[in-house]
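>
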Amino acid sequence: MSYLEPGSGRPRGTLHQSVYDEVILGIQSGEWKRYEKLPSVRAMAERMQVNRLTVHKAYQRLAEEGIVQARYKSGYYVSSEPAPRPGSRFLDDPPWEYQAKPVRAPRSRLFEIHRKKVAYKMSEALIDPALLPNAFLSGHVKEVFDLHPKVLSTYSSVSGDEELREEMSRYFTEKYGLSLSADELLVTTGSQQAIDLISRSLVQAGDRVLIERPTYSPAIDVFLRQNVRLLPVEITPEGYDLDRIEYLMRTEKPQLFYMNPTFQNPTGYTVPASQRKQLLELAERYKCILVEDDVYRDIYFEDPPPPPLFYYDTEGYAIYICSFSKFVAPGLRISLLAARPALMDSIIAVKALADNGTPLLTQKIFQHYFFSARLQEHVAKLRIALELRKARMERILAGTGFRWASPGGGLNLWINLPEEVPVDLLLERCLEQSVAFVPGEICDPLGEMKSWIRLSYSYISEAEMEEGLRRLIAIAEEMKGGITFPRTDLN
Ligand SMILES: Cc1ncc(COP(=O)(O)O)c(C=O)c1O
């Protein structure tokens with residue numbers, strides 16, 4: 058299946074121009090490669106809901122321009138010449154209205170769910186703002202202005218504030234034993250930006266990319282936008298099937314492996330230390346970059362997790378992304394990306410194009426706040442509060458026929474629903490009743506996992522959780538015709 062979403066709406070202009078555009082965008086996005094046959098005139102007419110003559114006219118124009126070739130009694134084929142560069146046609150051939158046409162790129166499907174306004178948001182893997190020390194943070198912000206009166210009068214460097222990177226390199230060394238210099242760190246605006254920068258700088262169309270199944274849904278969208286081929290790798294409570302990874306690395310020669318091996322989103326699973334070491338050996342043998350997205354490391358309930366993969370790296374094949382968005386101050390959007398110089402050079406070049414550096418103010422606030430004793434105490438309390446919320450959600454769901462592996466950290470339950478409950482319909486009905494969750498399908502690079510959902514226990518209050526789950530279970534019960542209704546006397 059393809060995740061590429063059609064352009065949003067039909068472009069303004071003549072109908073045959075819209076067919077022409079569809080073909081150009083299809084060639085640029087790799088849907089039709091060189092020498093490949095285009096859909097028949099009839100199929101294209103159905104796809105675009107236009108008349109066949111319109112398609113014929115567009116195909117003929119493409120043939121006249123050498124973009125496709127007409128073959129007698131066979132159809133139209135993409136020609137051997139390189140596909141037109143994105144945008145070039147627009148420059149040669151305005152009308153201006155076409156310049157504003159959205160590119161044919163996948164959107165963030167998670168964002169589409171988040172943007173729904175609902176009262177019971179179990180779709181949001183964020184921490185309840187009431188659990189963060191807001192008054193303390195505000196006080197801190199004032200201090201930052203006293204300490205750095207010129208903070209708003211200048212840019213940060215593209216890599217990020219030198220002082221912050223120095224302190225963070227010491228932090229990573231002391232805490233996880235990573236040997237890192239400040240120059241091997243880049244401050245990004247959240248991990249989302251880090252993933253995006255990596256996708257723009259280290260992969261190109263046609264590359265293979267290993268990705269967990271299921272995974273953080275926007276990562277699928279980001280890599281697909283680059284027109285790579287995604288190779289899914291199952292993640293289980295025991296980690297990965299390393300034989301399968303080795304096979305894929307040997308036969309498909311992927312450029313990178315994007316992973317979230319610690320309290321993974323959405324599953325909560327953690328890849329054991331023994332596998333981390335072996336993954337580095339495989340990466341070095343098959344020259345595959347390992348991109349470790351580490352967002353939930355600090356949110357553990359019992360044992361702290363194994364060290365980051367970067368710890369085992371000796372030859373520069375690991376990239377480490379550490380987000381502090383979740384538990385420090387989501388509004389600051391600070392993440393650190395660690396990479397050895399050969400990879401870092403390319404990533405920084407793209408960061409310069411993206412925003413010329415993360416705002417200095419947020420970096421300074423983060424630095425002073427993160428290293429304060431108060432924050433460190435706060436994280437310990439936060440773990441307890443989140444574990445209690447997880448336990449509450451699990452108690453409410455007990456006896457419903459839903460199944461999940463209880464995670465040792467993170468913010469989500471990854472739940473397998475009884476077969477009789479169609480997730481798409483459940484979501485539709487839940488949204489009508491102001492309840493949101495993440496359907497498993499969008500976390501699956503294959504677009505399957507249709508009986509799974511992700512429920513976040515971290516964002517809503519306990520009272521909201523109870524009501525949201527009561528509604529969700531009631532709808533599922535109706536669909537299933539007999540799930541036990543949740544008890545309301547649970548504490
Ligand atoms: C695995 C993973 N990566 C990246 C992100 C984005 O993090 P940030 O808020 O730092 O951009 C998230 C947020 O949910 C996540 O779960």
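When we follow our numbering, the leftmost residue of the sequence shown carries the number 58, and every step to the right adds one. We put the CB at the ideal spot given by N, CA and C, even for glycine.
(1) Tell me where the beta strand (DSSP E) around Leu470 begins and ends.
(2) Can the beta-carbon of Leu529 be found less than 7 angstroms from the beta-carbon of Cys487?
(3) Just verifying my parser: in three-state terms, what is the DSSP assignment at Ala330?
(4) Taking DSSP as the reference, what is the three-state secondary structure of Lys344?
(5) Any chance the CB of Asn322 is under 6 angstroms from a heavy atom of ligand 1?
(6) Is Pro496 helix, strand or coil when you go by DSSP?
(7) In the structure shown, what three-state DSSP assignment does Gly247 receive?
(8) Would you call the segment 417-428 in contact with the segment 203-215, where contact means no fewer than 3 C-beta pairs closer than 8 angstroms?
(9) Return yes when the Cβ of Ile277 is within less than 7 angstroms of the Cβ of Pro502, no when it is not.
(10) What does DSSP give as the partner residues of Thr293 in its beta bridges?
(11) For Ile499, which residues in the same chain have their Cβ closer than 6 angstroms to its Cβ, ignoring the five residues on either side in sequence?
(12) Could you give the distance in angstroms between the alpha-carbon of Ala509 and the alpha-carbon of Asp481?
(13) Where does Gln126 sit, in a helix, a strand or coil, going by DSSP?
(14) Pull the bridge partners of Val135 from the DSSP assignment, please.
(15) Is Ile441 buried or exposed, if buried means 16 or more other CB atoms sit within 10 Å of its CB?
(16) With respect to 6 angstroms, is the separation between the Cβ of Gly466 and the closest non-hydrogen atom of ligand 1 below this value?
(17) Report yes or no: is there a C-beta of chain C within less than 7 angstroms of the C-beta of Asn322?
(18) Could you spell out the range, first to last residue, of the beta strand (DSSP E) harbouring Glu549?
(19) On the CB-based measure, 16 or more other CB atoms within 10 Å of its CB, does Lys421 come out buried or exposed?
(20) Given 6 angstroms as the limit, tell me if Asp350 has its C-beta closer than that to any heavy atom belonging to ligand 1.
(21) Please state if the CB of Ser97 and the CB of Gly123 are separated by a distance shorter than 7 angstroms.
(22) Which partner residues of Lys178 appear in the DSSP bridge assignment?
(23) Going by the C-beta, is Ala127 closer than 6 angstroms to any heavy atom of ligand 1?
(24) Applying the criterion that 16 or more other CB atoms from any shown protein chain within 10 Å of the CB defines a buried residue, is Ala533 buried or exposed?
(25) Please list the terminal residues of the continuous alpha helix (DSSP H) segment that includes Ser75.
(26) Select from Glu269, Lys537, Ala448 and Phe358 the residue whose C-alpha is nearest the C-alpha of Thr293.
(27) Using a Cβ-Cβ cut-off of 6 angstroms (strictly less than) and excluding sequence neighbours within five positions of Val107, which residues of its own chain qualify?
(28) Cβ atoms of Leu393 and Thr419: under 7 angstroms apart, would you say?
(29) Can you have a look at Glu535 and say buried or exposed, based on whether 16 or more other CB atoms are within 10 angstroms of its CB?
(30) Return the CA-CA distance between Ser518 and Tyr116, expressed in angstroms with no decimal places.
(31) For Asp487, write down the residues that DSSP places opposite it in a beta bridge.
(32) Output the distance between the C-alpha atoms of Pro186 and Tyr516, rounded to the nearest integer angstrom.
(33) Who pairs with Leu242 in a beta bridge, going by DSSP?
(34) Less than 6 angstroms between the CB of Ser248 and some heavy atom of ligand 1, yes or no?
(35) How far does the alpha helix (DSSP H) with Ser195 in it reach, from first residue to last?
(36) Of all the options Ser429, Ala102, Ala411 and Glu521, which has the alpha carbon lying nearest to the alpha carbon of Ile549?
In brief:
(1) Run containing Leu470: Asn469 to Asn473, per the beta strand (DSSP E) assignment.
(2) yes
(3) helix
(4) Lys344 sits in coil when the DSSP states are folded into three classes, being neither helix nor strand.
(5) yes
(6) strand
(7) helix
(8) yes
(9) yes
(10) Gly296
(11) Arg166 and Ser274
(12) It is worth fixing the name first, because residue 509 is Trp in this sequence and not Ala. Using only the alpha carbons, I get a separation of about 10 angstroms.
(13) strand
(14) Paired residues: Val125.
(15) exposed
(16) no
(17) No chain C is part of this structure, which consists of one protein chain only.
(18) In this structure the chain extends from 58 to 548, so residue 549 is not present and cannot be described.
(19) It is buried - the Cβ of Lys421 has at least 16 other Cβ atoms within 10 Å.
(20) yes
(21) no
(22) Answer is Ala493.
(23) no
(24) buried
(25) Leu72 to Gln85
(26) Glu269
(27) Leu72
(28) No, the Cβ-Cβ distance between Thr419 and Leu393 is not below 7 angstroms.
(29) exposed
(30) Taking the Cα positions, Ser518 is about 57 angstroms away from Tyr116.
(31) The displayed chain sequence assigns Cys, not Asp, to residue 487. Partner(s): none; Cys487 has no beta bridge.
(32) Roughly 8 angstroms between the two C-alpha positions.
(33) Paired residue(s): Ala395.
(34) yes
(35) Asn191 to Leu204
(36) This structure leaves residue 549 out entirely; the chain is present only between 58 and 548.
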